[in-house]
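Protein chains in written order, with the numbering used here: chain A, 144 to 467; chain B, 144 to 467. The C-beta atom is built at its ideal place from N, Cα and C for all residues, glycine as well. Taking it in order: structure first as structure tokens, then the write-up.
Protein chains: 2
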Amino acid sequence: MPEPVVLVLDADPSPRLGRLTGRARVLRTGAAELAARLPDADVLLVWDFTSDAVREAWPGDGPRPRWVHAASAGVDRLLCPELAASDTVLTNARGVFERPVAEYVAGLVLAFAKDLPTTLALQREHRWHHREGQQVAGSRAVVVGAGPIGREITRLLHGLGVQVALVGRTARRTIHGIEDLGPLAARADWVISAVPLTPSTYGMFDTRFFGVLQPSARFINVGRGASVVEADLVEALNRRWLAGAALDVFRQEPLGEESPLWDVPGLLVSPHLSGDTAGWRDRLGEQFVTMYELWADGSPLPNVVDKERGYVPSTDNSEDLEGT
Amino acid sequence: MPEPVVLVLDADPSPRLGRLTGRARVLRTGAAELAARLPDADVLLVWDFTSDAVREAWPGDGPRPRWVHAASAGVDRLLCPELAASDTVLTNARGVFERPVAEYVAGLVLAFAKDLPTTLALQREHRWHHREGQQVAGSRAVVVGAGPIGREITRLLHGLGVQVALVGRTARRTIHGIEDLGPLAARADWVISAVPLTPSTYGMFDTRFFGVLQPSARFINVGRGASVVEADLVEALNRRWLAGAALDVFRQEPLGEESPLWDVPGLLVSPHLSGDTAGWRDRLGEQFVTMYELWADGSPLPNVVDKERGYVPSTDNSEDLEGT
């Protein structure tokens with residue numbers, strides 16, 4: 144029996160797929176040859192998660208991979224109607240990014256509360272200027288996006304004594320429905336977005352949303368850039384509708400040198416790194432190999448994306464969510 | 144019966160002592176008149192905790208306040224041998240600073256792990272440069288100083304998934320003795336000092352100490368500046384014996400504009416603000432008023448400093464210290 148073909152969409156650094164030797168033929172491809180090679184692949188590993196090539200190359204009715212795995216949490220870059228309509232299984236990297244992203248958000252919350260950016264700026268000027276920080280314990284957060292990343296952010300902030308409300312698409316158990324977002328955001332110190340990019344989250348953080356925030360609030364986006372109307376956020380910051388914001392994700396990445404976002408007062412810009420801690424590429428590679436072994440043995444795969452919704456639905460009763 | 148005289152050493156902003164009206168005569172003094180006024184005071188409130196005036200003004204054998212309260216955690220600036228030998232009760236502001244300082248330390252740990260200072264520097268240059276952060280969960284910390292601040296730091300870092308060892312003067316229950324510091328520091332990612340300034344902590348963080356650290360370690364001081372030999376820390380950073388450090392306290396405060404410390408690569412300088420969150424002065428004032436009411440009623444005071452040791456000894460069995 145021939146070994147299944149695992150096609151890896153991967154411009155440069157390679158995942159550690161050595162464990163597949165003898166179980167699969169691993170072939171690499173760039174974006175340009177992807178369309179030509181897809182029909183011969185049993186599995187597509189989208190290692191270059193910054194690429195839009197899959198949407199463009201996906202074969203309509205012809206032969207196609209039976210399984211596509213995205214080495215990322217979000218699948219918006221590769222999920223096209225033809226892939227959604229097909230019987231190809233789509234999985235994501237759920238499990239790898241939750242803790243790093245949650246720590247990153249906790250770090251931003253504390254950095255804002257303790258005014259660390261100002262401390263660093265004053266240090267450059269050799270200025271000793273005492274200021275009062277804020278206490279994080281007892282402050283209020285709204286986490287938007289009740290997937291595994293949003294849940295982990297909720298847990299970690301809760302552990303810091305923050306009163307956290309978690310908002311999902313629909314209300315269930317300890318999770319608020321999206322209809323509660325406005326009232327919750329209106330009294331929050333921190334609004335954190337960890338939403339996937341879907342038609343209903345596209346542009347959801349806009350002038351109307353920022354208009355309800357407290358002037359002392361901060362907005363943090365570690366979900367997807369296109370959920371934020373960036374011009375609206377800039378205007379809201381300029382009008383002092385909120386005290387600050389941090390964006391780790393953007394409509395267009397990488398952010399160009401000429402982007403006005405770099406210089407907006409109160410806006411902290413980081414290069415889509417919140418989930419990436421030392422060893423993350425190895426963890427992504429190991430996760431794929433483990434999933435491949437399940438697939439090759441005919442066992443059910445974890446992390447299967449609901450292709451209509453655009454994300455992996457949470458199974459509520461498997462979650463141990465401390466009070467929100 | 145005449146009202147007791149509460150003398151407040153306070154250059155400028157006044158604590159909210161209105162609740163003492165009718166129970167005490169509240170008089171204010173600057174450093175210059177302190178010696179002349181101390182003999183007439185029943186209580187001395189050292190509100191200006193940056194002042195060295197008490198050591199200089201303390202009356203030897205003459206009349207003196209029966210109670211001195213420091214609106215600070217440390218009492219090293221005012222504790223002199225004559226005060227130590229007297230029967231005057233000395234108390235501190237235990238309870239006000241623990242949580243803010245612990246949050247500040249957690250913020251520094253996360254900022255270092257996520258390389259936030261570099262992110263801010265790159266943003267100024269409009270440079271999108273992805274880097275990998277570190278995961279805080281699973282890293283190792285040593286917290287030196289087993290008083291209430293060190294214990295709160297331990298609790299908060301433990302909640303972030305850090306493996307924390309707490310080091311005190313002597314080993315007891317979940318606390319390591321000072322003899323374990325070297326071996327623990329040698330494998331720590333984070334060494335955090337929350338020690339009071341006493342003869343045995345003066346200059347304890349020196350070349351010999353920094354020499355045992357891992358090159359990836361960071362040192363954070365939120366205790367007292369003089370526990371660190373600053374020149375030794377600078378040399379250790381220059382030699383890359385450790386990856387970074389943050390000092391919130393210094394031998395001389397405020398740090399002068401000409402200090403070389405401002406420009407040491409890897410050193411984060413902040414102006415003694417870790418414990419000071421919005422409303423802290425009010426909390427200090429309220430704490431004093433509450434303690435005054437106990438004192439005036441002849442009830443025992445909390446937060447009594449052991450004047451030989453130089454700090455408030457912890458009562459171990461009152462502490463709920465989660466695993467270290």
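| Query | Result |
| --- | --- |
| Compare the C-beta of W384(B) with all C-beta atoms of chain A and state if any pair is closer than 9 Å. | no |
| Taking the alpha-carbon of R136(A) as reference, which of R180(A), E436(A), A213(A) has the nearest alpha-carbon? | As shown, chain A starts at 144 and ends at 467. That puts residue 136(A) outside it, with no answer to give. |
| For P397(B), I'd like the list of residues in its chain whose CB is within less than 7 Å of its CB, leaving aside the five on either flank, ordered along the chain. | P414 |
| Check whether chain B comes within 9 Å of Y454(A), counting only Cβ atoms and requiring the distance to be less than that. | no |
| Tell me the residue span of the alpha helix (DSSP H) that contains A308(A). | Not the alpha helix (DSSP H): A308(A) falls in the beta strand (DSSP E), residues 306-310. |
| Looking at the C-beta of G466(A), does it have a partner C-beta in chain B at a distance below 9 Å? | Note on G466(A): pLDDT 31, under 50, position unreliable in the model; no value is reported. |
| If I'm right that G387(B) touches G409(B) with Cβ under 8 Å, what's the distance once you round it to whole angstroms? | 4 Å |
| Which class does H319(A) belong to by DSSP, given the choice of helix, strand or coil? | strand |
| Just the Cα atoms here: how many angstroms apart are L251(A) and L233(B)? | 39 Å |
| At which residues does the alpha helix (DSSP H) containing A284(B) begin and terminate? | Note, A284(B): premise wrong, no alpha helix (DSSP H); beta strand (DSSP E) at 283-287. |
| Closer than 6 Å by C-beta to V287(B): which residues in its own chain qualify, once you throw out the five before and the five after it? Chain order, please. | V310, S336, V338 |
| Quick check on the burial criterion: 16 or more other C-beta atoms within 10 angstroms. Buried or exposed for H319(B)? | buried |
| Using the three-state DSSP reduction, which class does V334(A) fall into: helix, strand or coil? | strand |
| Check the Cβ-Cβ distances between D419(B) and every residue of chain A, and say whether any is below 9 Å. | yes |
| Whose Cβ in chain B lies nearer than 8 Å to the Cβ of P243(A)? | G276, Q278 |
| Counting Cβ pairs, one atom from each stretch, are 3 or more of them under 8 Å apart for the segment 377-384 of chain B and the segment 245-265 of chain B? | no |
| Compare the C-alpha of Y247(A) against each of T261(B), L221(B), V279(B), R220(B) and name the closest. | V279(B) |
| Is A331(B) buried or exposed, if buried means 16 or more other CB atoms sit within 10 Å of its CB? | buried |
| Can you confirm whether L380(A), when its beta carbon is compared against all beta carbons of chain B, has any partner nearer than 9 Å? | no |
| Please list the residues of the segment 200-213 of chain A that have a C-beta atom closer than 9 Å to any C-beta atom in chain B, keeping them in chain order. | none |
| Three or more beta-carbon pairs under 8 Å between the segment 437-455 of chain A and the segment 144-152 of chain B, yes or no? | no |
| Would you mind working out which of P224(B), V432(B), H272(B), G238(B) sits nearest S215(B), comparing C-alpha positions? | G238(B) |
| At what residues does the alpha helix (DSSP H) containing L437(A) begin and finish? | 423-439 |
| Closer than 9 Å by beta-carbon distance: list the chain A residues that pair up with L188(B), in chain order. | Ordered by position in chain A, no residue passes the 9 Å Cβ test against L188(B), which lies about 21 Å from the chain. |
| Step through the CB atoms of chain B and report whether any lies within less than 9 Å of the CB of S413(A). | yes |
| What are the uninterrupted segments assigned as beta strand (DSSP E) that are 3 or more residues long and contained completely in the segment 377-414 of chain A, given in chain order? | 387-390, 410-412 |
| Give the straight-line distance between the Cα atoms of L390(B) and D183(A), rounded to the nearest whole angstrom. | 59 Å |
| Between G250(B) and chain A, is the shortest Cβ-Cβ distance under 9 Å, so that the two count as touching? | yes |
| Would you grab the beta carbon distance between G453(B) and L221(B) for me? Rounded to a whole angstrom, and I think it's under 8 Å. | In fact, because the Cβ distance is near 11 Å, the residues do not count as touching under 8 Å. |
| Helix or strand or just coil, what does DSSP make of H301(A)? | helix |
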